[in-house]
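Quick note on our numbering: the sequence shown kicks off at 2 and runs consecutively.
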Amino acid sequence: MSLKLWVANSLDAGAVVKVVDATLLGIEEDHDFVSKRECLSSVMRLAVACSADSPEERVNMQVALATLKKIKIKFLKDVRGGVESSRIRIL
2 MSLKLWVANS LDAGAVVKVV DATLLGIEED HDFVSKRECL SSVMRLAVAC
52 SADSPEERVN MQVALATLKK IKIKFLKDVR GGVESSRIRI L
């Protein structure tokens, strides 16, 4: 099984905690655990889409960038209550 397939299968099973380093998520009791899990799941799904075998099947970079921006905005909204922090910059 390839790394890409393992990640895709883990994401389909809702097991992003198996894919990413546990220190990125923290513990389940953290107030932002669910937001971090959803954000990392979205980033990993995009990564799988960007790494399709065929170039025609891959997400183009404009779509990838727009998706990353949406993920960032949603994460900041969830974690900071809608106030976007200038300290956190994904892009």
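Glycine included, each C-beta is placed from N, C-alpha and C at the ideal position.
Computed from a prediction, not measured in an experiment: that's the story for all the values here.
Check: Under a three-way DSSP split, which group does Ile74 fall into?; Outcome: helix
Check: May I have a chain-ordered list of the alpha helix (DSSP H) segments no shorter than 4 residues that lie completely inside the region 17-75?; Outcome: 17-20, 23-26 and 34-51
Check: Do the region 34-44 and the region 63-77 make contact, defined as three or more Cβ pairs closer than 8 Å?; Outcome: yes
Check: Kindly indicate the opening and closing residues of the alpha helix (DSSP H) around Ala14.; Outcome: Neither: Ala14 is in no alpha helix (DSSP H) and is coded neither H nor E.
Check: Relative to the alpha-carbon of Val18, which residue among Glu39, Leu6 and Phe76 has its alpha-carbon at the smallest distance?; Outcome: Glu39
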